[in-house]
Each structure stands twice: as C-alpha cells, then as structure tokens.
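Protein chains in written order, with this note's numbering: chain X, 1 to 110; chain Z, 111 to 221.
Even glycine gets a Cβ: it sits at the ideal position worked out from N, Cα and C.
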C-alpha cells in the first residue's frame, strides 16, 4: 500500500538557521500537501503542490514537488521561534486516501 | 464558522468498553477521514469516506468501525477498547483534491 516517509524525525536549530524536511512516497502521487501542527494543536494546511517539478514559496518557506511526483521538500530560511512545531507532508494517490508522512518535529532555540 | 467539530474531547475507557467518537462538519465536504496520532508515528489513517453511505479502510482499521449515514457526520466506533487504542484521534474533512480541515482532536486513554 501507499506509504509516505519523512526525514528527519526531529531537528533542533538555532534561531536564524535554515531547516529542511524531506518527504518520500512509495507510489506516484496526484498531489502533495504540507501541514503544520503546533504542540497540543491540530494539523493546519500550509500548501498543496500538483504539478511535477512545481516550486511554491510562502515568505520564508519554499516547497518543492519532485519530477517523478514521489518526493517533496519543505525548506525554511532563517528560522524563527514561531516556526516551532511538527511539519507533515500528506500525499493523495489514486484512491483518494490522504496518507500522512511521519512528520518532522522542529525545535528552534532563541 | 464551526468547521470540523469532534466530540468528546477527552475520554477514559476501561479495557473492553465500547464508545463512539463523533465528527461533524458544516462545510458540505464529500470526503471525511479518521486518523490516530501516536508519538513518533505521525498521523495514521484508520478509515475514510468519499461520500454519504460509503466507507473504506485505511492503514490501521483493525478494532474500529465507522459509519457515514449523513454527509455531515462521520462516526468512529470502538467495540471493545484495548490499551493499544490509547491515542489522540483526529477527524478531517475535505473536498476532492483540496486542503483538509481538522477537528481539535479527541484524547482517548484506555486503562
């Protein structure tokens, strides 16, 4: 079945450093989404990528969708303490299942 | 703007007891999902529904049943709770190929 893996599982950075999390699917995806979950909260949608090789930016966040539509990445430039949380990718295959990755917990030290 | 509402928010069950978690959405979304979240394991899909009257199994369906009798409601049932079902449960709803909206979660402890 469809599986989505993320690395790293945990990342600790100093405020101002960059951060990247990577997402890999075992199957080709129709689209990929990214979510952020603050401690004690629920996942909140950040963005959706649909096209092969697509790159989107939201302020300091850059999202990429791989050419084969099986991998994706989220890069944060110059992290801030407000970036703390767990970042999840979520992939949709042919069956409309929305499968989440294992998540990357980001800790930012001031 | 209620969005997705889950009830209850917290529950403690004894092993072998049964319970139903209710998810209600007011956005007229076709798709609804139930996930469980455990430390280090992300969000794992239990069951999902692509429309009223339809349900399908996700990644970890054993020990759970679901029903979608009305478009706005998606119920998750535990017939005989086990300690391994201690988790945080999230419901989500979405239109086809769009963002998912999540409820606030239900923290369930089975003792």
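Separation of residue j from residue i, as counted between CA atoms
{"i": "residue 131 (chain Z)", "j": "residue 117 (chain Z)", "result": "6 Å"}
{"i": "residue 35 (chain X)", "j": "residue 45 (chain X)", "result": "4 Å"}
{"i": "residue 70 (chain X)", "j": "residue 124 (chain Z)", "result": "42 Å"}
{"i": "residue 220 (chain Z)", "j": "residue 72 (chain X)", "result": "37 Å"}
{"i": "residue 213 (chain Z)", "j": "residue 16 (chain X)", "result": "32 Å"}
{"i": "residue 79 (chain X)", "j": "residue 107 (chain X)", "result": "10 Å"}
{"i": "residue 29 (chain X)", "j": "residue 99 (chain X)", "result": "10 Å"}
{"i": "residue 155 (chain Z)", "j": "residue 20 (chain X)", "result": "25 Å"}
Any C-beta of chain Z under 9 Å from that of residue i
{"i": "residue 53 (chain X)", "result": "no"}
{"i": "residue 85 (chain X)", "result": "no"}
{"i": "residue 92 (chain X)", "result": "yes"}
Exposed unless 16 or more other CB atoms sit within 10 angstroms - verdict on residue i
{"i": "residue 51 (chain X)", "result": "exposed"}
{"i": "residue 122 (chain Z)", "result": "exposed"}
{"i": "residue 128 (chain Z)", "result": "exposed"}
{"i": "residue 139 (chain Z)", "result": "buried"}
{"i": "residue 200 (chain Z)", "result": "buried"}
{"i": "residue 120 (chain Z)", "result": "exposed"}
{"i": "residue 134 (chain Z)", "result": "buried"}
Cβ of residue i within 9 Å of any chain X Cβ
{"i": "residue 151 (chain Z)", "result": "yes"}
{"i": "residue 207 (chain Z)", "result": "yes"}
{"i": "residue 176 (chain Z)", "result": "no"}
{"i": "residue 155 (chain Z)", "result": "yes"}
{"i": "residue 160 (chain Z)", "result": "yes"}
Contact set between residue i and chain B, taken where Cβ atoms lie within less than 8 Å
{"i": "residue 122 (chain Z)", "result": "Of the chains in the structure shown, none is chain B; the protein chains are X and Z."}
Item to check | Validate contact between the segment 189-198 of chain Z and the segment 85-93 of chain X using beta carbons, cut 8 Å, 3 pairs | outcome: no
Next on the checklist: Check whether the segment 51-66 of chain X and the segment 168-182 of chain Z are in contact - that is, three or more C-beta pairs closer than 8 Å.
Outcome noted: no
Item to check | Touch test, the segment 35-51 of chain X against the segment 158-174 of chain Z, Cβ-Cβ under 8 Å, three pairs minimum | outcome: no
Next on the checklist: What ranges does the beta strand (DSSP E) occupy inside the segment 183-221 of chain Z, keeping only unbroken runs of at least 3 residues that lie completely in it?
Outcome noted: 183-188, 197-204 and 216-220
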